[in-house]
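Read the structure below first, then the notes.
Number of protein chains: 2
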Amino acid sequence: MSKDTIYYTLTDEAPALATASLLPIYRAFAKEAGIKLELTDISLAGRILSTFADRLPEDQRPQDGLAFLGELTADPNANFIKLPNISASIPQLNAAIKELQAQGFDVPSYPEAPKTDEEKEIQARYSKILGSAVNPVLRQGNSDRRAPAAVKAYARKHPHSMGEWKKTSQTHADYMRGGDFFSSEQSITTDKAQTVRIEFVDQAGNVELKKSLPLVEGEVLDSMRMSAKALRDFFEQSLQEAKEAGIMWSLHVKATMMKVSHPIVFGHAVTVFYKEVWDKFGDLFAEIGVNPNNGLGSVLDKIKVLPQSQQDEILQAIHDCYEHRPEIAMVDSVRGITNLHVPSDVIVDASMPAMIRNSGKMWGRDGKTKDTKAVMPESTYARIYQEVINFCKTNGAFDPTTMGTVPNVGLMAQKAEEYGSHDKTFEVQADGVMRVVAENGDVLMQHDVEKGDIWRACQTKDAAIKDWVKLGVTRARNSNTPAVFWLDAERAHDNELRKKVELYLQDYDLTGLDIHIMSYNEAIRFSMERMIRGQDTISVTGNVLRDYLTDLFPIMELGTSAKMLSIVPMLNGGGMYETGAGGSAPKHVQQLLEENYLRWDSLGEFLATAVSFEELGIKQGNDKAKVLAKCLDKATEKLLDNNKSPSRKVGDIDNRGSHFYLAMYWAQELAAQTEDAELAAKFAPLAETLTANEAKIVEELNSVQGKPADLEGYYHMDLAAVEKVMRPSATFNAALESL
Amino acid sequence: MSKDTIYYTLTDEAPALATASLLPIYRAFAKEAGIKLELTDISLAGRILSTFADRLPEDQRPQDGLAFLGELTADPNANFIKLPNISASIPQLNAAIKELQAQGFDVPSYPEAPKTDEEKEIQARYSKILGSAVNPVLRQGNSDRRAPAAVKAYARKHPHSMGEWKKTSQTHADYMRGGDFFSSEQSITTDKAQTVRIEFVDQAGNVELKKSLPLVEGEVLDSMRMSAKALRDFFEQSLQEAKEAGIMWSLHVKATMMKVSHPIVFGHAVTVFYKEVWDKFGDLFAEIGVNPNNGLGSVLDKIKVLPQSQQDEILQAIHDCYEHRPEIAMVDSVRGITNLHVPSDVIVDASMPAMIRNSGKMWGRDGKTKDTKAVMPESTYARIYQEVINFCKTNGAFDPTTMGTVPNVGLMAQKAEEYGSHDKTFEVQADGVMRVVAENGDVLMQHDVEKGDIWRACQTKDAAIKDWVKLGVTRARNSNTPAVFWLDAERAHDNELRKKVELYLQDYDLTGLDIHIMSYNEAIRFSMERMIRGQDTISVTGNVLRDYLTDLFPIMELGTSAKMLSIVPMLNGGGMYETGAGGSAPKHVQQLLEENYLRWDSLGEFLATAVSFEELGIKQGNDKAKVLAKCLDKATEKLLDNNKSPSRKVGDIDNRGSHFYLAMYWAQELAAQTEDAELAAKFAPLAETLTANEAKIVEELNSVQGKPADLEGYYHMDLAAVEKVMRPSATFNAALESL
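So the protein sequences, as listed, match chains A and B.
Reading the first sequence from the start, the letters are residues 1 to 739 in the numbering used here.
Reading the second sequence from the start, the letters are residues 1 to 739 in the numbering used here.
Here's what the structure looks like:
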């Protein structure tokens, strides 16, 4: 790679559309500092195509963008900007495959129940695309996320709406009080590099090797079990409680991220909620390939092969369940899509803050908002939401105009695996024992398990923890803010980490720093008590809480997590600048398709790009890059102050209009600055042109709104078609080219 | 006093009745150890009579028991047992006066609105009888309260009923978020003995001396203000919220203890709830002497002088209020007595734990239990109840079979005045400034006030604080239990105390002790989290929290606070042994009057008397006293194990029966012990007699049940009549006399 190259990612849905408008602006400006922006395809469609490149003719084979960036993380000069991408569920994967096939790409269908070796191989390949497959490859460092000062100031001045909390709200978080991962977690730290074995021992004593696991010295390894029986009992009880209290019931999981365990959990919720349906049609469902782990949507899809009368009977049985079950929260009440239709529809880290921001209510079948039992079976992290809910009932909704901020330092490097991801998660096939055995034959950890239980292991590497402690201390020092390590005294994993944290903290002079170690409930309460008093507190957390908290607090503070600055200082010295933790926003695309209006806010991209430029400037001694960065930040502030972010409805400026304003302000700042006369001279004419043509350009951009737009694809859009849609102002385009 | 005398108090209602049965037993046993038990009258009637002794003929003048015991507190050998007495509200005082007058005592009526000097003097004398007048005189030391091991073990084995908590409960504690004492509290510590002045300055600058206040060196003085306007707004909002949510509304104050401020607060609640009634009839009410501070009962009582048609009109107006107000919690739904009828009916420290134990519900008009908005305007302490409520919603009801215990060390000595009691509490008569001025003219503290505001000051003496810290450390050491000083970082008073606590803690070797200082919410949460894990935590608190927590936790742990061991180690070396924090129980008397059944449980008296005997034994080198104490404790354990406490209904043994079993077990233990052969020999025949006649005695005791009993008085009962009622077993009486 060139040291002057910044890699900008092509992802999916709204961010990908925004890129078609924004990247040309970046490129035009950056080239004046000798910086090149390369677009690297890590979209879902792109990943499918590169995964099956061997089946495609030469001209259809894309670059494997993800592999490329993955290698780049080892480069001390790595500098890339990562936009939100789809964490694909199976329904999304199927849709993308269908689209590619229709476009003439010879990619195989996803075999849900593979039988042949070939099908198994295909499924294995696809499994590497599902869920949060991108992040573990790219996040080769720990995470530093915060609300930039300009964004926080803007939110204080122009607070987003916050639903009032009633002291009498019946909303609460519900979670298992036993039988879950939390209550069974075991954890060890290996004192030497070794390969351990994950084994299943059946009741006859037969030992099956599930996986060989190489560990490095000082690595933390956890194992834990969720009882399927306890889980189903919990679901049943929670349903009865909600029914009795007359409140709604909703399920909050993260099937996209915990892509082995959570679809199973989701499936149990479906088969408990619709118990009578499965009692009656379970065998038939198995025959026709209904998979409850894919949600009620799977039923509705698969039964289409049945005679109408049988379909009607099944639909009636489903309908009958609603009679004795509590009302279920809706994802889309207009279209009748419930919380149990699609596993990827309700993603806990986004859905819970949305509920909390919305007076603790979710949407019911009738389109009205109602108090809800928010069900998150695994108690490890669910408890923090109950703490927040109790806090809001007691103190009222958070007030964005006065509240402090909670930046996060997250343990994420070297795939820190608190999620217990993927290759070490098993649905147990028979009663017996799951165990982890050392090289010398010692049993390190073991759990009695029953058929259907979920067992998983997680690894966290010592170097990642050490770097995380360093980043926590650095952020506390640099921002002069108290920092809390969230380590739960009742969690085996956290107690292993605590030993390391206490050890590595000794490497630093902590004079003048305010560093705590607290259990989760204590930590979130401490942070919230400070927050409502306008005080800031850094949360230094594991990987899951990083994910959850960097949605939770930003959504309260800023109305969205998309405005957070998200930096991954790589272990090897490079930097990844992530934008928009808010997902890739399918609803935005829908609106664009219907009325050519894109409400995606690229603020996250503005902020990340400025830091990316600045870092490149510092590392490569490129002063022009630093000036570009500084002026981009100022332009962003101006844009916020002048309220030039996209509105939400046709007639106002959308994503494209906000890009224009960014460019205009940026050019104005560059023209006005005195650090680099050459840049000032270069950008003065552009500033002039854009300023003079403001009304005309806005008119050109806005005039396309109101009619449908065609992207010639959804997962694999035609880039030329996208560019045509996203760059409709000839005046603006010409001005950029004139540079 | 003789060093071998224990003073046993004659109080009111159920405890006084129980004394008539129990004291003869104590006297019979104690005389074998050379111990004399003297009965000292501190009953409400007794205090009225001795206060007006100058108006009575010689033969009607009682001993002033309270003054006598008050002097005794300075004696290092003081040893007395204090039973619960009435903290009189004005309605109770009036009833007692009426009764005494009817019995031929020439005591004056209570002048509610005194006009003449004579009336003012009478009111001033009565004001020293009202409310918690007894405790400040006697409590010349700090407070040590705990659940005795035998009692705790019994509760674990035989748990009391606990109402289930729903996660969806709408019950909550509601309190002011500003304008209350908490938000206005100021506090200073005087560096020298001086007399400060409490002054009111009106808007014209005229200064009125409200009180001269002598302070000793190192004394902490607080001042604070509650805005009447903010209070009334708060009540109105709380009523509307409860109405809107469809839950009940209840008021929880402590008018008996905070006898100046809380009746005013109560009065505001009455006039806000029944706003339309006061709008319409306020002037008339003033004329006929209705005082809202005495509750709706005052209206119902005073309007009796009006024509029936006008009475009906008023009753209709009251009734109309119920139409647009939330349902109000009932004290007695059968008799239609609401929460606003009598200020002394709902005493926060008892009513809140009762609600929390009862699934967070109170009784409604229809006799059903319902979710409730529990209103405690002053936020200082109310917040802890909300913390408990949130905790129960999240974790379910406490489990007496597994929960830990929270003993208390309370700052109480030298009238530690966190309550802001009495002589330094003022209802402000005009807009202006209330201030505290030092001898040198410096203004130490001041508040802008408006007409109707409540302003108060509190004093806490340095020596009391120093002794409190010592007691806290001693208890932590002796019981090997973590101790938490509850000092709120946002309270001015507590911050003054914190400085002293941190200083005085340095006097002790704290090695091996686990001592914390925490804000209230933090402290109660910490204690509860430990509690549900079976761990014990000593609460070291101020005077109000002492009062509240020694009801709250015992009621969860033991089902009642009456079973707590309550010791006041006096500053001068003596000891007071208090029994039954649960009040003097008017309902028990009612049952006795109706069906000659007394369900009062004297367990508190058993426990306190054992400690009293033990202390006397240690101090006077009286080994027989120690043996009596040890055997009394064993007898108490046996009584609990054999379930010989009073039941609640006719047919089972009542208070008298349980006294018999105590005597029998005590005699058996004394006969069986080998430490003192003389005692063993002495008690062997008694043990034999009682054991042989068990059935007969129980029959004699129980046979009187079911018919009304006559005590010839309520506040001033005839002691001979009481003895006749309470000692109906000739066999038992004869056996005791045989000693």
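By construction, the Cβ of each residue, glycine as well, lies at the ideal position given by its N, Cα and C atoms.
Put residue i into one of helix, strand or coil per three-state DSSP.
i      : result
A/Y8   : strand
B/W455 : strand
B/K563 : coil
B/W797 : Here chain B comprises residues numbered 1 to 739, so residue 797 of chain B is not present and cannot be evaluated.
A/A45  : helix
A/T190 : coil
A/H588 : helix
B/E58  : helix
A/L510 : coil
B/I314 : helix
A/G396 : coil
A/L83  : coil
A/K644 : coil
B/S109 : coil
A/V568 : strand
A/T40  : strand
A/V220 : strand
B/F200 : strand
A/Y577 : strand
A/T19  : helix
B/A667 : helix
State the CB to CB distance for the pair residue i and residue j, rounded to an integer number of angstroms; the pair is presumed to be in contact (CB under 8 Å).
i      : j      : result
A/G289 : A/K275 : At roughly 20 Å, the Cβ-Cβ gap does not stay under 8 Å, so A/G289 and A/K275 are not in contact.
A/L66  : A/I35  : The pair is not a contact, with the Cβ atoms about 23 Å apart (cut-off 8 Å).
B/E450 : B/K210 : Not really, about 16 Å apart at Cβ, beyond 8 Å.
B/N339 : B/A329 : 5 Å
A/V501 : A/L487 : 7 Å
B/Q92  : B/S261 : B/Q92 to B/S261, Cβ: 19 Å. No contact.
B/M258 : B/D453 : Between B/D453 and B/M258 the Cβ distance is about 15 Å, and since that is not below 8 Å, they are no contact.
A/A629 : A/E614 : 4 Å
Mind checking whether the beta-carbon of residue i lies closer than 6 Å to any heavy atom of the ligand HEM?
i      : result
B/L487 : As for the ligand HEM, it is missing from this structure, which has no ligand bound.
task = Pull out every residue of the region 389 to 403 of chain B whose Cβ sits closer than 8 Å to any Cβ of chain A, in chain order.
result = N390, K393 and T394
message = Can you pull out the residues from the region 352 to 377 of chain A whose beta carbon lies closer than 7 Å to at least one beta carbon of chain B?
response = If the cut-off is 7 Å between Cβ atoms, the region 352 to 377 of chain A has nothing near chain B.
message = Whether or not the region 589 to 597 of chain B and the region 617 to 633 of chain B are in contact is what I'm after, with contact meaning three or more pairs of Cβ atoms, one per stretch, closer than 8 Å; do they touch?
response = no
query = Is the region 213 to 223 of chain A touching the region 450 to 470 of chain A, taking contact as three or more C-beta pairs under 8 Å?
reply = yes
ask   = With a cut-off of 8 Å, do at least 3 Cβ pairs link the region 574 to 585 of chain A to the region 81 to 92 of chain A?
value = yes
inquiry  = Please give the ranges of any beta strand (DSSP E) in the region 413 to 489 of chain A, keeping only runs that are unbroken, at least 3 residues long and fully inside the region.
reply    = 425 to 427, 432 to 437, 443 to 449, 454 to 460 and 483 to 486, all fully within the region 413 to 489 of chain A.
query = Quick one: any contact between the region 523 to 539 of chain B and the region 371 to 390 of chain B, if contact means 3 or more CB pairs under 8 Å?
reply = yes
task = Could you name the residues of the region 154 to 175 of chain B whose beta carbon sits closer than 9 Å to any beta carbon of chain A, in the order they occur along the chain?
result = Among the residues of the region 154 to 175 of chain B, those with a Cβ less than 9 Å away from any Cβ of chain A are K166, K167, T168, S169, Q170, T171, H172, A173 and D174, in the order of the chain.
request  = Could you name the residues of the region 222 to 250 of chain B whose beta carbon sits closer than 7 Å to any beta carbon of chain A, in the order they occur along the chain?
outcome  = E241, A245 and I247
ask   = Considering only residues of the region 99 to 185 of chain A, which uninterrupted beta strand (DSSP E) runs meet the minimum length of 3 residues and lie entirely inside it, listed in chain order?
value = Counting only runs of 3 or more, we get 143 to 146 and 172 to 174.
message = Suppose only complete runs of 3+ residues qualify. What are the beta strand (DSSP E) ranges in the region 516 to 544 of chain A, listed by chain order?
response = 538 to 541
request  = Would you be able to state if there are at least three C-beta pairs under 8 Å between the region 430 to 439 of chain B and the region 397 to 406 of chain B?
outcome  = Contact between the region 397 to 406 of chain B and the region 430 to 439 of chain B is not established, with fewer than three Cβ pairs separated by less than 8 Å.
request  = For the region 653 to 685 of chain B, enumerate the residues whose C-beta is nearer than 7 Å to any C-beta of chain A, in chain order.
outcome  = Identification of residues in the region 653 to 685 of chain B having a C-beta nearer than 7 Å to some C-beta of chain A yields an empty set.
ask   = Are the region 600 to 610 of chain B and the region 173 to 189 of chain B touching, with three or more C-beta to C-beta distances below 8 Å?
value = no
inquiry  = Three Cβ pairs or more, each shorter than 8 Å: is that satisfied between the region 359 to 376 of chain A and the region 562 to 572 of chain A?
reply    = no
query = For the 8 Å Cβ check, are there 3 or more pairs between the region 22 to 41 of chain A and the region 92 to 110 of chain A?
reply = no
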